Structures are given as structure tokens and as C-alpha cells.
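Participant: In this note's numbering, the protein residues as written are 39 to 392. One structure is given below, represented as C-alpha cells, and several questions about it will come after.
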């Protein structure tokens with residue numbers, strides 16, 4: 039199984055498209071950002087990346103947000119992703135309309151998003167502060183930048199203004215910006231495999247092959263010549279408190295490709311050691327479609343543990359993904375080659391029984 043891994047907190051920020059109507063007076067709404075988190079280095083690409091949450095504060099007696107549109111720009115950085123999954127948009131009810139798009143072109147780089155929770159006012163956000171989108175951004179080098187809401191970004195379906203829809207009319211929200219600083223930190227982390235749901239306080243504890251990370255996992259066969267096993271994709275961290283303010287890994291995106299005469303039956307992050315720190319973030323693990331991936335078989339898994347201060351331990355071997363694999367009579371073992379630094383190829387390969 040070839041595993042190409044990118045250690046990166048995933049981030050995506052939301053912005054929304056304007057809804058038709060006339061703006062009215064003083065706003066009872068505020069658009070702002072969380073403090074940027076997930077400061078990290080992508081060892082393969084060498085870029086500093088981070089993410090932040092886009093918030094809508096609904097204020098005042100009787101205030102009720104039926105929808106909104108926002109446009110966001112990053113100064114001295116590039117916005118690379120946007121997502122509303124896992125935010126108040128999901129929790130309220132299936133929205134009537136959602137549109138998210140990265141905008142491009144001179145003076146037009148940013149992201150826009152538009153959400154209509156309900157066209158008849160049956161679903162609204164009452165007074166409170168809500169996560170409405172998640173933004174991912176990056177720099178080619180460490181440094182500072184700013185996230186800000188801007189009017190006038192051009193999208194494929196029109197010009198975007200920052201607006202909130204309330205009882206059929208549009209209200210101008212107060213807009214807040216957020217500065218961030220992305221240090222390009224050295225990251226001592228590796229990927230590997232284990233036959234168990236490992237949660238070890240020592241680096242490389244429970245990892246097949248230890249620090250060398252190369253070894254065989256023998257699969258017991260039944261009388262009919264078939265068998266199966268569970269393999270856990272793992273991460274090894276070896277940081278210290280004094281490492282340039284390093285607080286630990288907050289998210290990751292990994293992919294693993296299966297080679298050989300075997301089949302992936304399932305893949306999940308449920309109950310793995312890495313999920314102990316999960317707190318209201320984002321996760322998605324999928325068995326890929328070979329037809330859409332050049333015939334390759336495997337899985338992808340993307341996780342953000344939290345939009346707050348939740349991280350993997352600084353020194354730990356932790357399982358991230360549980361993979362169930364079936365084998366046939368020709369297969370008696372799985373050869374595991376993994377870890378090293380994230381630029382190395384990782385392989386989980388079914389090989390003939392010796």
C-alpha cells in the first residue's frame with residue numbers, strides 16, 4: 039500500500055454570496071474570525087499553512103438570520119480551501135442553497151460563500167455566535183498576514199457583498215478582520231502501520247519495524263484458504279515543549295494506496311487513539327473509487343481535531359485510521375514499509391505466502 043502523506047491541519051473558511059434586496063440601516067449582525075490556528079509546516083511542499091473559523095454573531099432582540107453572503111480575502115497569503123461542513127449550516131437543517139467558490143484574478147483573489155437556510159423563514163439562526171465556515175490558507179514562507187471581509191469579489195454567479203438576510207430584507211453586518219502569524223516550524227513526525235490500535239507514550243511503540251518501519255504482518259488463513267486482518271495507519275510524534283512554541287499536531291490529511299492481491303473492506307477513524315483529542319472539528323475517511331484514480335485502490339482520511347486548543351500529544355505513537363483488509367489463498371502476509379520522513383513512499387503490499 040503506497041501511502042503519500044501530508045501532515046497538515048486542514049482549513050477552510052467560508053464566505054457567502056449576496057442575496058437580492060435593499061440594505062437597511064444599523065446592523066444587528068457581526069462577521070469575524072477565530073484566531074488562526076493549525077500553524078504548521080507541510081514537509082513535502084515546504085509551505086506554511088493555517089486555518090481559521092468564520093463566525094456570524096446574531097445580536098439583538100428578535101434578530102433571526104435566514105441566510106448570508108460573505109467575501110473573504112487574505113493579505114500576504116493565499117486562501118486554498120473553504121468548507122461549511124460541520125458548522126452551524128449543517129446543524130440548523132439542510133439549507134435551501136449553498137454556494138462556495140475560490141475567486142481568482144488580479145485584485146479578485148479570495149473566497150466567496152452564500153447560504154440560504156430557508157426562503158420562507160422556517161429555519162433561522164436566533165441570537166448567538168455561530169461557526170458558518172472554515173478557511174484554509176497558506177504562505178510560501180513563514181510570516182504574518184491578515185484575513186478580512188471584503189465586498190465586490192467576482193464569482194461565477196455574480197458580485198459578492200457581505201450581507202445577512204433577515205425577514206426578507208438584507209442587513210449590513212459589522213465586519214472584523216484577523217491578523218495571523220504562521221511560523222515555519224520543524225516538524226518531527228512520521229507515519230507508519232501497526233496491527234493494533236496503538237496508543238504508546240514512546241515514539242515508535244507498537245509500530246511495525248520500529249524506527250526502521252519495515253516488516254511483515256502475517257495473516258492467519260482459515261480452512262477455506264481465506265483470511266483477513268486489521269491494519270492501523272499511525273502517526274509518531276517526537277516534539278518537546280521548547281520546540282519554537284510547538285503545541286502539537288492539530289490535523290492531518292493522508293492517503294494510502296493498496297497494491298497486491300487483497301481488498302480493503304472498510305476504513306474508519308472511530309475509536310482510534312488519535313480521535314481522543316477530537317472536539318468539534320472535521321473528519322472524513324473514504325475508500326477511493328479506482329475508476330476516478332487511475333485504477334489505484336486505497337483510502338483517504340482528513341481530520342481537523344478542533345478549532346480550539348486540542349492537539350495530539352507532543353511525544354506519542356497514535357493510530358489514526360483502522361483499515362480492514364481481506365486476503366485470498368495466495369496471500370499469507372502483508373509486507374509493511376512505512377514511516378521515515380513524510381517525503382518517503384509508504385507501502386502496504388500483499389505478498390505471496392513464503
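By construction, the Cβ of each residue, glycine as well, lies at the ideal position given by its N, Cα and C atoms. This structure is a prediction, so every number in the text was calculated from the model and none was measured.
Taking the straight line between their C-alpha atoms, what separation do you get for residue 210 and residue 182?
Facilitator: The sequence position of residue 210 within the chain shown is 172, counting from 1. The sequence position of residue 182 within the chain shown is 144, counting from 1. So the two alpha carbons sit approximately 29 Å from each other.
Participant: Residue 127 to residue 360, Cα distance in whole Å?
Facilitator: Mapped onto the chain shown, residue 127 falls at position 89. Mapped onto the chain shown, residue 360 falls at position 322. Cα to Cα, residue 127 sits roughly 29 Å from residue 360.
Participant: How would you label residue 174, buried or exposed, when you count the other beta carbons within 10 angstroms and need 16 or more for buried?
Facilitator: If you number the chain shown from 1, residue 174 lands on position 136. Residue 174 comes out buried.
Participant: At which residue ranges does the stretch 80 to 153 contain complete alpha helix (DSSP H) runs of 4 or more residues, listed in the order of the chain?
Facilitator: List check, alpha helix (DSSP H) in window: 126 to 130.
Participant: Using only the alpha-carbon positions, how far apart do residue 187 and residue 293 sit?
Facilitator: The count along the chain shown starts at 1 and reaches residue 187 at position 149. The count along the chain shown starts at 1 and reaches residue 293 at position 255. Those two C-alpha atoms are separated by around 34 Å.
Participant: Which residues in the same chain as residue 310 place their Cβ atom closer than 8 Å to its Cβ, once the five residues preceding and following it in sequence are excluded?
Facilitator: For the purposes of this step, residue 310 is identified with residue 272 of the chain shown, where counting begins at 1. These residues qualify, in order along the chain: 235, 270, 356, 357, 358, 359 and 360.
Participant: If you compare alpha carbons, which of 94, 69 and 110 is closest to residue 184?
Facilitator: For the purposes of this step, residue 184 is taken as residue 146 along the chain shown, with counting starting at 1. Comparing Cα positions, the closest option is 110.
Participant: Would residue 203 be called buried (16 or more neighbouring beta carbons within 10 Å of its own) or exposed?
Facilitator: Residue mapping note: residue 203 aligns to position 165 of the chain shown, counting from 1. With 16 or more Cβ atoms within 10 Å of its Cβ, residue 203 is classed as buried.
Participant: Ignore the nearest five residues each way along the sequence and tell me which others in residue 190's own chain have a CB closer than 8 Å to its CB.
Facilitator: Reading the chain shown from its first residue, position 152 is the one you call residue 190. Closer than 8 Å at Cβ, skipping near neighbours: 109, 197, 198 and 199.
Participant: Does the stretch 307 to 327 touch the stretch 336 to 348, meaning 3 or more C-beta pairs lie closer than 8 Å?
Facilitator: Yes: at least three Cβ pairs fall under 8 Å.
Participant: My output table needs one value for residue 330: the three-state DSSP class, helix, strand or coil.
Facilitator: Looking up residue 330 in the chain shown gives position 292. In the structure shown, residue 330 sits in a helix (DSSP, three-state: H, G or I).
Participant: Let me know the secondary structure DSSP gives residue 340 once reduced to three states.
Facilitator: Here residue 340 refers to the residue found at position 302 when the chain shown is read from its first residue. The answer is strand: DSSP assigns residue 340 an E or B state.
Participant: With a 10 Å radius around its C-beta and 16 neighbouring C-beta atoms as the bar for buried, classify residue 87 as buried or exposed.
Facilitator: On the chain shown, residue 87 is found 49 positions in, with the first residue counted as 1. By the neighbour-count rule (16 or more Cβ atoms within 10 Å), residue 87 is buried.
Participant: Suppose contacts are defined by Cβ-Cβ distances below 9 Å. Is residue 170 in contact with residue 156 by that definition?
Facilitator: In the chain shown, counting from the first residue as 1, residue 170 sits at position 132. In the chain shown, counting from the first residue as 1, residue 156 sits at position 118. It is not a contact, given that the beta carbons lie outside the stated cut-off.
Participant: Quick check on DSSP: helix, strand or coil for residue 23?
Facilitator: Outside the shown range of the chain (39 to 392) lies residue 23, about which nothing can therefore be said.
Participant: Could I get the ranges of all uninterrupted alpha helix (DSSP H) runs contained in the stretch 162 to 230, with 4 residues as the minimum, in chain order?
Facilitator: Segments of the alpha helix (DSSP H) lying fully in the stretch 162 to 230: there are none.
Participant: Per DSSP, what kind of secondary structure is residue 237 in: helix, strand or coil?
Facilitator: By 1-based counting over the chain shown, the position of residue 237 is 199. If DSSP states are grouped into helix, strand and coil, residue 237 belongs with the strands.
Participant: With a 10 Å radius around its C-beta and 16 neighbouring C-beta atoms as the bar for buried, classify residue 121 as buried or exposed.
Facilitator: As a first step, residue 121 must be located in the chain shown, where it is residue number 83. Buried: at least 16 other Cβ atoms inside 10 Å.
Participant: Can you check which of these residues, 147, 137, 132 and 338, is closest to residue 118 by C-alpha distance?
Facilitator: Here residue 118 refers to the residue found at position 80 of the chain shown. Ranking the options by Cα distance to residue 118, first place goes to 147.
Participant: Where does residue 319 sit, in a helix, a strand or coil, going by DSSP?
Facilitator: In the chain shown, the residue the question calls residue 319 occupies position 281. Looking at residue 319 - three-state DSSP - the assignment turns out to be strand.
Participant: For the candidate residues 268, 276, 179 and 195, whose alpha-carbon lies nearest to that of residue 243?
Facilitator: Residue numbering aside, residue 243 sits at position 205 when the chain shown is read from its first letter. Checked all of 268, 276, 179 and 195; the closest Cα to residue 243 is 276.
Participant: How long is the line joining the alpha carbons of residue 160 and residue 214, rounded to whole angstroms?
Facilitator: Within the chain shown, residue 160 is the residue found at index 122, counting from 1. Within the chain shown, residue 214 is the residue found at index 176, counting from 1. Roughly 29 Å between the two C-alpha positions.
Participant: Just confirm the distance between the C-beta atoms of residue 299 and residue 363, as a whole number of angstroms; I'd bet it's less than 8 Å.
Facilitator: Counting from 1 along the chain shown, the entry for residue 299 is found at position 261. Counting from 1 along the chain shown, the entry for residue 363 is found at position 325. At roughly 11 Å, the Cβ-Cβ gap does not stay under 8 Å, so residue 299 and residue 363 are not in contact.
Participant: The beta strand (DSSP E) that contains residue 245, what's its start and end?
Facilitator: For the purposes of this step, residue 245 is taken as the residue at position 207 of the chain shown. That residue, residue 245, is in no beta strand (DSSP E); it is neither H nor E in DSSP.
Participant: For residue 270, name the three-state secondary structure that DSSP assigns.
Facilitator: As a position in the chain shown, residue 270 is number 232, starting the count at 1. Reduced to three states, the DSSP call for residue 270 is strand.
Participant: Could you give the C-beta distance for residue 102 and residue 205, rounded to a whole number, given that I count them as a contact under 8 Å?
Facilitator: Here residue 102 refers to the residue found at position 64 when the chain shown is read from its first residue. Here residue 205 refers to the residue found at position 167 when the chain shown is read from its first residue. With 8 Å as the limit, residue 102 and residue 205 qualify as a contact, their Cβ atoms being about 7 Å apart.
Participant: Assuming contact is defined by CB atoms lying nearer than 9 Å, are residue 257 and residue 168 in contact in what I supplied?
Facilitator: Within the chain shown, residue 257 is the residue found at index 219, counting from 1. Within the chain shown, residue 168 is the residue found at index 130, counting from 1. Not in contact: residue 257 and residue 168 (Cβ atoms no closer than 9 Å).
Participant: Taking residue 237 as the reference, give the member of 352, 164, 323 and 265 with the closest Cα.
Facilitator: Working through the chain shown from its first residue, we reach residue 237 at position 199. Closest option to residue 237, Cα to Cα, is 352.
Participant: Going by C-alpha to C-alpha distance, which of 305, 261, 158 and 329 sits closest to residue 268?
Facilitator: Taking the chain shown and counting its residues from 1, the one referred to as residue 268 is at position 230. Cα-wise, what sits closest to residue 268 is 305.
Participant: Contact check, residue 350 vs residue 286 under 8 Å by CB: the rounded distance?
Facilitator: On the chain shown, position 312 is the one that residue 350 refers to. On the chain shown, position 248 is the one that residue 286 refers to. Residue 350 to residue 286, Cβ: 5 Å. Contact.
Participant: Does residue 312 pass the burial test, meaning 16 or more other C-beta atoms within 10 Å, or should it be called exposed?
Facilitator: Position 274 of the chain shown, counted from the first residue, corresponds to residue 312. It counts as buried.
Participant: Can you grab the Cα-Cα spacing for the pair residue 35 / residue 230, in whole Å?
Facilitator: What the structure shows of the chain is the stretch from 39 to 392, and residue 35 is not part of that stretch, so it cannot be assessed.
Participant: Going straight from the alpha carbon of residue 274 to that of residue 94, what length do you get?
Facilitator: The residue given as residue 274 occupies position 236 in the chain shown. The residue given as residue 94 occupies position 56 in the chain shown. Each residue's alpha carbon lies about 37 Å from the other.
Participant: If you run the structure through DSSP and keep just helix, strand and coil, what is residue 262?
Facilitator: Residue 262 sits at position 224 when you count from the first residue of the chain shown. In the structure shown, residue 262 sits in coil (DSSP, three-state: anything other than H, G, I, E or B).
Participant: Taking 7 Å as the limit between beta carbons, can you name the residues of its chain near residue 397, skipping five residues before and five after?
Facilitator: The structure shown does not extend to residue 397, since the chain is modelled only from 39 to 392, so the question has no answer here.
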